[in-house]
Amino acid sequence: MPHRSLHATIVLLLVILTVQPSSSAPLNGSKWTYVGPTGEKNWSKKYPSCGGLLQSPIDLHSDILQYDASLTPLQFQGYNVSAEKLLNLTNDGHSVRLNLNSDMYIQGFQPHQYRAEQLHLHWGNRNDPHGSEHTVSGKHFAAELHIVHYNSDLYPDFRTASDKSEGLAVLAVLIEIGSTNPSYDKIFSHLQHVKYKGQQALIPGFNIEELLPESPGEYYRYEGSLTTPPCYPTVLWTVFRNPVQISQDQLLALETALYFTHMDDPSPKEMVNNFRQVQKFDERLVYISFRQGSVFGGSYRGSEETVQEFDYDN
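For the sequence shown, the tail end lands on 479 under the numbering used here, and the numbers increase by one without skipping.
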């Protein structure tokens with residue numbers, strides 16, 4: 166078969182799956198929601214860590230920031246996934262999740278290497294498109310992408326690592342409304358195949374690194390938690406300083422395509438506002454890889470005195 170025909174066949178091959186749960190299945194099960202009796206305010210009754218310390222997300226504001234000269238640009242290995250390699254896209258009842266290849270790694274968390282597990286998104290609703298989990302100086306963004314990794318040097322798999330020290334590393338991309346982003350359409354164009362909880366589809370691989378913002382070497386770094394139950398405080402967070410843009414139409418597609426519920430549920434619930442509220446910051450600091458100046462996209466202009474300098478070598 167000619168290469169062009171083979172590629173076209175793979176691109177068109179969207180297989181709706183009914184497969185057994187894999188190691189990428191979420192830790193959090195289905196016994197929680199964002200609102201109501203099993204909503205965020207009651208998570209800690211069943212998941213004690215959700216009411217504990219080092220919780221995420223947080224507000225990133227100037228008086229908790231320290232410059233850290235040891236924070237170097239991350240190195241991405243295996244992120245450019247061939248279109249011939251199909252990836253599993255799933256509606257897990259809380260978000261849309263893309264399971265990632267086991268040969269995807271990030272380096273830059275010395276001394277350990279972290280293996281990619283999955284990515285997912287958080288968003289608001291069509292009437293209030295402020296669905297990011299992290300905020301910057303009190304400002305919400307339209308949505309947020311999380312790329313979840315586990316420490317493959319210390320632990321054999323994601324589940325084992327999830328509640329362990331130095332177990333997880335999550336990359337967070339803040340998303341704002343702007344120009345159309347073709348890279349995000351490589352996920353969004355398949356949402357209709359996973360409208361309801363439990364539905365899955367295979368989609369062509371693509372360069373996951375294209376989902377990241379410009380200047381990915383500029384970021385915030387802090388110790389926090391999973392933002393969904395069981396809220397284990399085992400995550401090393403990297404929140405990129407610069408946002409990515411998607412169009413209003415792309416955001417609307419995300420906000421209106423999916424349901425929290427199964428296809429046969431008599432009371433279908435649209436998947437909207439699937440973000441956790443900002444958590445108290447305890448006594449932590451946020452370390453930044455960039456020096457003073459605009460903390461984020463012009464929303465704050467700092468001076469050298471505002472952003473403190475921090476260097477592990479001194």
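No residue lacks a Cβ here, since even glycine has one placed at the ideal position from N, Cα and C.
Just so it is clear, the structure is predicted and the values come from calculations on it, not from any experiment.
Is it true that the CB of Val443 sits closer than 8 Å to the CB of Ile229?
Within the sequence shown, the letter at position 64 stands for residue 229. Within the sequence shown, the letter at position 278 stands for residue 443. No, these two residues do not count as a Cβ contact at 8 Å.
Do you know how far the Cα of His285 is from the Cα of Arg262?
Residue numbering aside, residue 262 sits at position 97 when the sequence shown is read from its first letter. Residue numbering aside, residue 285 sits at position 120 when the sequence shown is read from its first letter. Near 5 Å, if we compare the C-alpha coordinates of His285 and Arg262.
Could you check where the beta strand (DSSP E) with Arg262 kicks off and where it finishes?
Locating residue 262 in the sequence shown gives position 97, where the first residue counts as 1. First-last of the beta strand (DSSP E) with Arg262: Val261 to Asn264.
Between the region 325-343 and the region 430-449, can you find at least three pairs of beta-carbon atoms closer than 8 Å?
no
Whose C-alpha, out of Asp293, Pro238, Gln272 and Tyr315, is nearest the C-alpha of Asn438?
As a first step, residue 438 must be located in the sequence shown, where it is residue number 273. Checked all of Asp293, Pro238, Gln272 and Tyr315; the closest Cα to Asn438 is Asp293.
Keeping to the same chain, check which residues put their C-beta closer than 8 Å to that of Leu252; ignore five residues upstream and five downstream.
Numbered from 1 along the sequence shown, position 87 holds the residue referred to as residue 252. Val246, Leu263, Asn264, Leu265, Asn266, Leu367, Ile368, Pro369 and Gly370, listed in sequence order.
Using the three-state DSSP reduction, which class does Ala281 fall into: helix, strand or coil?
Sequence index remark: in the sequence shown, residue 281 carries index 116 (1-based). Ala281 falls in the strand class under three-state DSSP.
With distance defined between alpha-carbon atoms, name the residue in Gln415, Ala281 and Trp208 nearest to Asn316.
Along the sequence shown, read from residue 1 onward, the residue named residue 316 stands at position 151. The option with the nearest alpha carbon to Asn316 is Ala281.
Which two residues bound the contiguous beta strand (DSSP E) that contains Thr255?
One-based indexing of the sequence shown puts residue 255 at position 90. First-last of the beta strand (DSSP E) with Thr255: Leu251 to Asn256.
Assuming Val359 and Tyr384 make a contact with CB atoms under 8 Å, what is their CB distance in whole Å?
Start at 1 with the first residue of the sequence shown, and residue 359 comes out as number 194. Start at 1 with the first residue of the sequence shown, and residue 384 comes out as number 219. About 30 Å separates the two Cβ atoms, so there is no contact after all.
Strictly by DSSP, which residues pair up with Asn316?
Within the sequence shown, numbered from 1, the residue matching residue 316 stands at position 151. In DSSP, Asn316 forms a bridge with Tyr279.
Using 8 Å as the cut-off, can you tell me whether the region 307-321 makes contact with the region 333-353, which would need three or more C-beta pairs spanning the two stretches below that distance?
yes
Quick check on DSSP: helix, strand or coil for Pro369?
Locating residue 369 in the sequence shown gives position 204, where the first residue counts as 1. Three-state result, Pro369: strand.
Can you tell me the Cα-Cα spacing of His226 and Gly303, whole angstroms?
As a working note, residue 226 is residue 61 in the sequence shown. As a working note, residue 303 is residue 138 in the sequence shown. Spanning the two alpha carbons is a distance of roughly 8 Å.
Go ahead and pull the three-state DSSP assignment for Ile223.
The residue you call residue 223 lines up with position 58 of the sequence shown. Here Ile223 sits in coil by DSSP.
Out of Lys434, Ile411 and Arg449, point me to the one whose CA is closest to Val200's CA.
Taking the sequence shown and counting its residues from 1, one reaches residue 200 at position 35. Minimum Cα distance to Val200 is reached at Lys434.
By Cβ distance below 7 Å, which residues in the same chain neighbour Gly382 in space, the five residues on each side in sequence not counted?
The sequence position of residue 382 within the sequence shown is 217, counting from 1. Within the same chain, Gly382 has close Cβ partners Pro238 and Ser454.
Sort Ser390, Asn346, Asp414 and Tyr361 by Cα distance to Pro378 and report the nearest one.
In the sequence shown, the residue the question calls residue 378 occupies position 213. That would be Asn346, whose Cα lies nearest to the Cα of Pro378.
Ignoring anything shorter than 3 residues, give me the beta strand (DSSP E) runs that lie fully in the region 381-440, in order along the chain.
384-389, 400-405 and 409-411
State the DSSP-derived secondary structure class of Val200, mapped to helix, strand or coil.
As a first step, residue 200 is located in the sequence shown; it is residue number 35 there, counting from the start. In this structure, Val200 counts as coil in the three-state DSSP scheme.
Kindly list the residues whose CB is nearer than 8 Å to the CB of Leu417, restricted to its own chain and excluding five residues on each side of it in sequence; keep chain order.
As a working mapping, residue 417 is identified with position 252 in the sequence shown. Arg291.
When the Cα of Arg386 is compared with those of Glu205, Asn207 and Ser221, which residue comes out closest?
As a working mapping, residue 386 is identified with position 221 in the sequence shown. Arg386 has its Cα closest to that of Ser221, out of Glu205, Asn207 and Ser221.
Cβ distance (whole Å) where Ile271 is taken to contact Ala334 below 8 Å:
For this step, residue 271 is matched to residue 106 along the sequence shown. For this step, residue 334 is matched to residue 169 along the sequence shown. Contact holds; Cβ gap of about 7 Å.
When the distance is taken between beta carbons, is Thr399 closer than 8 Å to Arg441?
If you number the sequence shown from 1, residue 441 lands on position 276. If you number the sequence shown from 1, residue 399 lands on position 234. For Arg441 and Thr399, no; Cβs fall outside 8 Å.
Contact check, Glu388 vs Leu219, beta carbons under 8 Å
Taking the sequence shown and counting its residues from 1, one reaches residue 388 at position 223. Taking the sequence shown and counting its residues from 1, one reaches residue 219 at position 54. Yes, the Cβ-Cβ distance between Glu388 and Leu219 is below 8 Å.
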